[in-house]
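A.B. asks: Take the position in the sequence shown, starting the count at 1, then add 1; the result is the number in my numbering.
In this text, a Cβ means the ideal position worked out from N, Cα and C, and glycines have one as well.
Quick one: this structure, given as structure tokens, is what I'll be asking you about.
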Amino acid sequence: MNRAFFHRSSTVALLAAALASAWLLAACRPAETLNLNQPDVWPHGAMVSAANPLAVAAGIEMLEQGGNAIDAAIATHLVLGLVEPQSSGLGGGGFLLHYDRSTQATLFLDGRETAPAGATVDMFMTDKGAMGYIEAWVSGKAVGTPGMVALYHQAHQQAGRLPWSTLFEPALALARDGFVVSPRLAGYLPMMAQRSRLAKNEGSQDYFYPDGKPLVSGELLKNPEYAETLNAIATLGPSAFYTGEIAEAIVQAAARPPHPGTLTLSDLADYQVKSRPVICGPFRTYRICTTSPPSSGAAQIMIPNLYDQLAPNSVQPFDHIIRFVDAQRLAYADRDHFFGDPDEISIPLDILLSPEYLQVRAKDRFAPDEPVSHGDVWQFKGASAETPRWAPDTTDEMAGTTHLSIIDFDGNAVALTATVEGPFGSQRWAKGFVLNNEMTDFAKTVPEDGSAVANAVAPNRRPRSSMSPTLVFDETDALVLVTGSPGGNSIPAYVAKNIIAVLDWGLTPQMAVDHPNIIARGDTIRVEIGRGEGQAIAEALEAYGYSVRRREGENSGLHSIQVTPTGLQGAADPRREGVVQHLTNPSH
Ligand code: GLY
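The structure is reproduced here in structure tokens:
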């Protein structure tokens, strides 16, 4: 039997989605196994791991006030939007994965940016072909309807504990009174002035380049516009963002040249968070639960299982790395081919995650320096003539994203990955924050032969995402790992390294995060040689015929928490500015 299954969800909508598939129906757990009334004591305290110490402190403050993981996640992210605007914020979107320990329910809320109703399949095409990387990045067409504020609200309505307005207090205080500019934020600004429009656009120019000079690390920065925006949302709820003055400022910013976008007030007013299935699949005695499309979370089930299918060869040096590379290559090719917005296209997810498919897929052989093509899903039960065959797509994604992991005093967890897409999104400014350029996560090129691409632009569609917040459970259904990472198209590789390194290589979460990143999408393998055994890994892969691109450093931002019998072990990615904080006793 196909053992991949959707995890229990607390929402009717999610149940309805699960009921839509007979296979899923058969695989769902019976509701009577729920244990609603007898949550055990949670002995491990609470933990927050995120990309900035001020943001972590905000999450901790919520937990100390009696808030839960959802409250802490929202407060942490509101501060990230202020102190790490290059990565995510109110002008972007995100995926939130929640685990409620008392009911064992998991919930996936999709707050992905959405294409305006006026978007067209060829909106990134010009007379000279598809727009270049920078041209599309800074264009108004790149701006999608932001989802973050609606995501906060829905998560809070469904599972928050503290009053809504309390969640805004830490970010409001920092925006009003000022925060110290971090080296990473300051470090981006000279380069952004050269390559992008951040130093030219209305609003972002004055904020990031006061008196024409980039902010420097260590200086105190206030953002009174962000404080006003937060105050409005804290007082009036999400309607203060999706209608009225803030919405008007967003629409105006997207409508400016170059390449003005079509975002309207109706696009904003119509924005909906989607409650989507959590997908789970077995890995040895574990169960990996992650976000369904438009996320690429499924790769977190595929890569570890393909890794296990690829026969170990104990005499081959770095055998585990070679299997990891080959597993990635196969999973990436499938992700690139089949994934997109599940409300718009048919994705053969049940086949891709089935043990039968993964067993066959692992036998697909490609020379180490040869491009890898997608698997043959059509030979499996459940596929039909309608299961689409798409034109090739190798959409680029930039690395302006963040991830936070939280466990609260009741053992509930949140894995939240949030983004504005490229660094500082589209660099268009509205009321204290930058707007995303998430529409460039769609395939920009329209094939000349008229064939369709799974991840093509369409009105009201959500672009495929690499973001993959993930939870791992053991055979007793106890939570083992909370993880995720930014990194654009490299996210599946970064997160899978983290999972396999903890579950198979026996590394602590911090050692797993520190381990060199290895990204195997396509026919070139990127190896992070500036860490640990990176150089030796690159040499070993070359010796086996792989085409290797050496990179001194990678752009992961893994923030993870492992639950061990003796307590919580957190990890923060040294490649960014994150920290982990552990609270052992609730003070409330
Ligand atoms: N823009 C990053 C992602 O969605 O994967």
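Hey, which unbroken runs of the alpha helix (DSSP H) at 4 residues or more fall wholly within the segment 270-330?
C.D. replies: Within the segment 270-330, the complete alpha helix (DSSP H) runs of at least 4 residues are 300-310.
A.B. asks: So, helix, strand or coil for Gly213, using DSSP?
C.D. replies: In the structure shown, Gly213 sits in a helix (DSSP, three-state: H, G or I).
A.B. asks: Among all the DSSP beta bridges, which residues are the ones paired with Leu405?
C.D. replies: DSSP lists Leu417 as partners of Leu405.
A.B. asks: Give every residue of the same chain whose Cβ lies closer than 7 Å to the Cβ of Asp72, excluding the five residues on either side of it in the sequence, and list them in chain order.
C.D. replies: So the qualifying residues of the chain are Met63, Gly161, Arg162, Leu163 and Leu168.
A.B. asks: Let me check you understand the geometry: is the CB of Gly148 closer than 7 Å to at least one non-hydrogen atom of the ligand GLY?
C.D. replies: No - the ligand GLY has no heavy atom lying nearer than 7 Å to the Cβ of Gly148.
A.B. asks: Just tell me which of Pro372, Ser240 and Pro389 has its CA closest to the CA of Leu350.
C.D. replies: Considering only alpha carbons, the answer is Pro389.
A.B. asks: Could you give the residue range of the beta strand (DSSP E) that holds Asp342?
C.D. replies: Note, Asp342: premise wrong, no beta strand (DSSP E); not H, not E.
A.B. asks: Hey, out of Ala118, Ile352 and Asn314, whose CA is closest to Gly262's CA?
C.D. replies: For Gly262, the nearest C-alpha among the options comes from Ala118.
A.B. asks: On the DSSP bridge assignment, give the partners of Gly451 in chain order.
C.D. replies: The partner list for Gly451 (beta bridge, DSSP) is empty, contrary to what the question assumes.
A.B. asks: Could you tell me the alpha carbon to alpha carbon distance between Thr591 and Ala513, rounded to whole angstroms?
C.D. replies: For the chain, the structure presents residues 2 to 589; residue 591 sits outside this window and is missing.
A.B. asks: Indicate, with yes or no, if the ligand ADP has a heavy atom lying under 7 Å from the CB of Ile280.
C.D. replies: Summarising the ligand content, the structure contains the ligand GLY and does not contain the ligand ADP.
A.B. asks: Only counting the same chain, and skipping five residues up and downstream in sequence, which positions put a Cβ closer than 6 Å to that of Ile251?
C.D. replies: Same-chain partners within the cutoff: Ala431.
A.B. asks: Less than 7 Å separating the Cβ of Met440 from some heavy atom of the ligand GLY?
C.D. replies: It does not: the Cβ of Met440 is nowhere closer than 7 Å to a heavy atom of the ligand GLY.
A.B. asks: Return the chain-ordered list of same chain residues with a C-beta closer than 6 Å to the C-beta of Cys290, the five sequence neighbours on each side being excluded.
C.D. replies: Cβ neighbours of Cys290 beyond the five flanking positions: His8, Thr107, Val279, Cys281 and Leu472.
A.B. asks: Do Glu226 and Gly535 count as a contact pair if the criterion is CB distance below 8 Å?
C.D. replies: No, these two residues do not count as a Cβ contact at 8 Å.
A.B. asks: Would you report the Cα separation of Asp574 and Ala52, rounded to the nearest angstrom?
C.D. replies: Distance between the alpha carbons of Asp574 and Ala52: 8 Å.
A.B. asks: Helix, strand or coil: how does DSSP classify Gly488 here?
C.D. replies: In this structure, Gly488 counts as coil in the three-state DSSP scheme.
A.B. asks: Does the distance from the C-beta atom of His260 to that of Lys445 stay below 8 Å?
C.D. replies: For His260 and Lys445, no; Cβs fall outside 8 Å.
A.B. asks: Classify Trp379 as buried or exposed, calling it buried when 16 or more other Cβ atoms lie within 10 Å of its own Cβ.
C.D. replies: That one is exposed.
A.B. asks: Excluding the 5 residues preceding and the 5 following Met149 in the sequence, name in chain order all residues of the same chain whose CB lies nearer than 8 Å to its CB.
C.D. replies: If we look at Met149 and ignore the five residues flanking it on each side, its Cβ neighbours are His78, Gly82, Ser89, Gly90, Leu91, Gly92, Gly93, Gly94, Gly95, Gly112 and Ala419.
A.B. asks: If you run the structure through DSSP and keep just helix, strand and coil, what is Leu264?
C.D. replies: Here Leu264 sits in coil by DSSP.
A.B. asks: Please confirm whether any heavy atom of the ligand GLY lies closer than 7 Å to the CB of Gly489.
C.D. replies: Correct: Gly489 has its Cβ closer than 7 Å to the ligand GLY.
A.B. asks: Taking C-beta to C-beta, are Leu482 and Ala47 nearer than 8 Å?
C.D. replies: Not a contact, by the Cβ cut-off of 8 Å.
A.B. asks: Rounded to whole angstroms, what is the Cα-Cα separation between Ala368 and Gly213?
C.D. replies: One C-alpha to the other measures close to 52 Å.
A.B. asks: Alpha carbon to alpha carbon, how far is Tyr134 from Met193? Give it in angstroms, no decimals.
C.D. replies: If you take the alpha carbons of Met193 and Tyr134, they lie about 14 Å apart.
A.B. asks: Looking at the secondary structure, which residues open and close the beta strand (DSSP E) in which Ser466 lies?
C.D. replies: That residue, Ser466, is in no beta strand (DSSP E); it is neither H nor E in DSSP.
A.B. asks: Short of 7 Å in beta carbon distance, which residues of its chain neighbour Leu199, apart from the five on each side in sequence? Order them along the chain.
C.D. replies: Once the five neighbours on either side are set aside, the close Cβ partners of Leu199 are Met193, Ser205, Phe209, Phe425 and Gln428.
A.B. asks: Counting only the same chain and skipping the five closest in sequence on each side, list residues whose C-beta sits under 7 Å from that of Tyr153.
C.D. replies: If we look at Tyr153 and ignore the five residues flanking it on each side, its Cβ neighbours are Ile75.
A.B. asks: Measure the C-alpha to C-alpha separation of Trp391 and Ile302 and round it to an integer number of angstroms.
C.D. replies: Answer to the nearest angstrom: the Cα atoms are 23 Å apart.
A.B. asks: Tell me the DSSP secondary structure of Ser50 in three-state form.
C.D. replies: In the structure shown, Ser50 sits in a strand (DSSP, three-state: E or B).
A.B. asks: Can you tell which of Lys382, Tyr358, Lys364 and Arg330 has its C-alpha closest to the C-alpha of Pro372?
C.D. replies: The option with the nearest alpha carbon to Pro372 is Arg330.
A.B. asks: Three-state secondary structure (DSSP) at Arg102?
C.D. replies: DSSP places Arg102 in coil when its eight states are reduced to three.
A.B. asks: Between His560 and chain D, is any beta-carbon pair separated by less than 8 Å?
C.D. replies: Checking the listed chains, one finds no chain D in this structure; it contains a single protein chain.
A.B. asks: So what does Gly568 bridge to, in DSSP terms?
C.D. replies: Partner(s): Thr565.
A.B. asks: Would a C-beta distance cut-off of 8 Å place Ser374 and Ala334 closer than the cut-off?
C.D. replies: Yes.
A.B. asks: To the nearest angstrom, how far is the alpha carbon of Tyr243 from that of Gln273?
C.D. replies: In a straight line, the C-alpha of Tyr243 is about 11 Å away from that of Gln273.
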